[in-house]
Amino acid sequence: MSSHTIPNDFPTSANVPTKLSREGQKALRDHYSFVRAQRKHYGVPFEEDKFSGHGTALMKAALNAGKCDQVPSHIMELQEQMHAEWLSKCTPEQLSSNPDWLMQNQSRPGKIVETASTIPGLHHTKAFGSKNQVIFLGWNKAAVEQAANEYPHQEQLQLQEEDRREKEREKRHADYLKSRQQHSDTTPVGTYIVECDEIERNWPDLTDDLELSISHTDTPGVFRGDFDFGVLEGIMIICSEKLALDKYCAQNDDDDEFQERDYLDEDESEEETDAADAVQATFKAGAKRNAPASKQTQSAKRSKESQSPPRNYLVKLRCRETGEGMIFSEPHGGSITFDRSSLPLRER
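Residue numbers (our numbering): 10 to 357.
(1) According to DSSP, which residues form a beta bridge with Leu326?
(2) When you compare each of Gly239, Ile202, Thr200 to Pro213 by their alpha carbons, which one comes out closest?
(3) Between the C-alpha atoms of Asp206 and Glu175, what's the straight-line distance to the nearest angstrom?
(4) Compare the C-alpha of Arg48 against each of Lys120, Ala71, Glu102 and name the closest.
(5) For Gly147, which of Gly62, Ser139, His132, Pro161 has the nearest alpha-carbon?
(6) Val44 lies in the alpha helix (DSSP H); which residues open and close that run?
(7) Report the option in Lys325, Tyr257, Pro54 whose CA atom is closest to the CA atom of Gly359.
(8) Would you kindly work out how many angstroms separate the C-alpha atoms of Pro318 and His40, rounded to a whole number?
(9) CA-CA distance, Asn211 and Leu96?
(10) Rounded to a whole number of angstroms, what is the C-alpha to C-alpha distance between Asn261 and Asp227?
(11) Could you tell me which residues DSSP puts in a beta bridge with Arg233?
(12) Run through DSSP, which three-state label would Ile128 get?
(13) List the residues that DSSP assigns as beta-bridge partners of Gly400.
(14) Taking the alpha-carbon of His50 as reference, which of Ile121, Glu86, Ala36 has the nearest alpha-carbon?
(15) Does DSSP put Gln167 in a helix, a strand or coil?
(16) In the structure shown, what three-state DSSP assignment does Gln79 receive?
(17) Considering only DSSP beta bridges, list what Ile121 is partnered with.
(18) For Gly332, does the count of other Cβ atoms within 10 angstroms reach 16, so buried, or fall short, so exposed?
(19) Alpha carbon to alpha carbon, how far is Glu57 from Asp217? Give it in angstroms, no decimals.
(20) Does DSSP classify Lys135 as helix, strand or coil?
(21) In three-state DSSP terms, what is Asn149?
(22) Figure out for me which residue from Glu171, Gln169, Pro197, Asn141 has the closest Cα to the Cα of Ala157.
(23) Please go through the same chain and pick out, in chain order, the residues whose beta-carbon is closer than 6 Å to the beta-carbon of Val53, but skip the five residues on each side of it.
(24) Helix, strand or coil for Phe347? Go by DSSP, reduced to three states.
(25) For Glu242, which option in Leu323, Gly343, Phe337 has the closest C-alpha, if you only look at C-alpha atoms?
(26) Here's a check: name, in chain order, each residue in its chain whose Cβ is nearer than 8 Å to the Cβ of Gly230, leaving out the five neighbours to either side.
Right, here's the structure in full:
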């Protein structure tokens, strides 16, 4: 499970689970300075005399303290500068794998037009919307001109739809917060609309209403989350107590994958942590939560249970890719932090 990152409703970045996969172990063996480089990249200082082995303990401490949630602004500015310099040196062949790179360079659109003009029969025309500039290319002159003429209107419709969708989400969230003032149940149960930088950037067609629906299980204090993040879908088991989570998962999983190995300590052998990389999600600020009316009435037992809801929950999840259907059969551990006032999520 941006960016991606997710205070309003979600934190602005996500932390990776503090355990190592086989790939992670190999990366550390092959790149001895990896941890030093990562801490420098995130602006996290450390004392050299506290660095031992590959530095895994220091890296985990930084992750758990939230020091790697966001890259410092000066590093991001340097990255953008270096990316622009790299784009300026790329050939058209190198840039062809990602058309967006062409438009990121101010001089490239002109060069596209210039090059297209030298190709017999290839027509081109620019179109300007209120937000973007685009270039249409094609062998059919009438089709190219029609697409360019229609673009400003199409872009305006798209922007209006995005604005309508955002306002609808804000209203649903406001209605939910209003309903919470009338009910004492403040468990994490409800339906969350998720916004994810990583998914929006790489799979823009799959970002409509990504959802996480949390419900009660038969075990008090243990919750089930069903999520559909467009490219990933699956379930997560949520509980504030590690032992209760392990017990519930062990009872409901025949192959005992939901066992202690997801919570290995630093002093345990890294060679034994052979679980696959955990599925990560980066959420951006502004994700909304809307609790269905059917979940607002709870039993007396559950109301008593939720009078002082824990802020931090542990999770174990399994999922699959919706495109190729690849199944991540091994469970992955992490945590979710809820704001007590409105129970927004921070996933890590």
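Every residue, glycine too, gets a C-beta built ideally from N, C-alpha and C.
In brief:
(1) Residue numbering aside, residue 326 sits at position 317 when the sequence shown is read from its first letter. DSSP lists Met245, His341 as partners of Leu326.
(2) Against the sequence shown, residue 213 aligns to sequence position 204. Closest option to Pro213, Cα to Cα, is Gly239.
(3) Residue numbering aside, residue 206 sits at position 197 when the sequence shown is read from its first letter. Residue numbering aside, residue 175 sits at position 166 when the sequence shown is read from its first letter. Their Cα atoms are separated by approximately 15 Å.
(4) For the purposes of this step, residue 48 is identified with residue 39 of the sequence shown, where counting begins at 1. When only C-alpha atoms are compared, the closest one is Ala71.
(5) Here residue 147 refers to the residue found at position 138 of the sequence shown. It is His132 whose Cα lies nearest to the Cα of Gly147.
(6) Taking the sequence shown and counting its residues from 1, the one referred to as residue 44 is at position 35. Start and end: 43-50.
(7) Residue 359 lies beyond the stretch modelled for the chain, which goes from 10 to 357, so this question has no answer here.
(8) For this step, residue 318 is matched to residue 309 along the sequence shown. For this step, residue 40 is matched to residue 31 along the sequence shown. Confidence is the limiting factor: at Pro318 the pLDDT is only 49, short of 50, which leaves the residue's position unreliable, though a coordinate-based value still follows. Going by the C-alpha atoms only, they are around 43 Å apart.
(9) By 1-based counting over the sequence shown, the position of residue 211 is 202. By 1-based counting over the sequence shown, the position of residue 96 is 87. If I take the Cα positions, the gap works out to 20 Å.
(10) On the sequence shown, residue 261 is found 252 positions in, with the first residue counted as 1. On the sequence shown, residue 227 is found 218 positions in, with the first residue counted as 1. Each residue's Cα considered, the two are about 12 Å apart.
(11) Locating residue 233 in the sequence shown gives position 224, counting from the first residue. Answer by DSSP bridge pairing, in chain order: Ser224, Ile246.
(12) Here residue 128 is taken as the residue at index 119 of the sequence shown, counted from 1. Coil, per DSSP.
(13) Limits of the chain in this structure are 10 at one end and 357 at the other, which puts residue 400 out of reach.
(14) By 1-based counting over the sequence shown, the position of residue 50 is 41. Checked all of Ile121, Glu86, Ala36; the closest Cα to His50 is Glu86.
(15) The residue you call residue 167 lines up with position 158 of the sequence shown. Helix, per DSSP.
(16) Here residue 79 corresponds to residue number 70 of the sequence shown, with the count starting at 1. In the structure shown, Gln79 sits in coil (DSSP, three-state: anything other than H, G, I, E or B).
(17) If you number the sequence shown from 1, residue 121 lands on position 112. Paired residues: none, contrary to the question.
(18) Here residue 332 refers to the residue found at position 323 when the sequence shown is read from its first residue. Classification for Gly332: exposed.
(19) Here residue 217 refers to the residue found at position 208 when the sequence shown is read from its first residue. Here residue 57 refers to the residue found at position 48 when the sequence shown is read from its first residue. Whole-angstrom Cα-Cα distance: 47 Å.
(20) Position 126 of the sequence shown, counted from the first residue, corresponds to residue 135. Looking at Lys135 - three-state DSSP - the assignment turns out to be strand.
(21) Counting from 1 along the sequence shown, the entry for residue 149 is found at position 140. Correct three-state label for Asn149: coil.
(22) As a working note, residue 157 is residue 148 in the sequence shown. Considering only alpha carbons, the answer is Asn141.
(23) Locating residue 53 in the sequence shown gives position 44, where the first residue counts as 1. For Val53, where only same-chain residues beyond five positions count, the Cβ hits under 6 Å are Ala71, Lys76.
(24) Locating residue 347 in the sequence shown gives position 338, counting from the first residue. Strand, per DSSP.
(25) For the purposes of this step, residue 242 is taken as residue 233 along the sequence shown, with counting starting at 1. Considering only alpha carbons, the answer is Phe337.
(26) Along the sequence shown, read from residue 1 onward, the residue named residue 230 stands at position 221. So the qualifying residues of the chain are Cys248, Ser249, Glu250, Ala253, Glu314.
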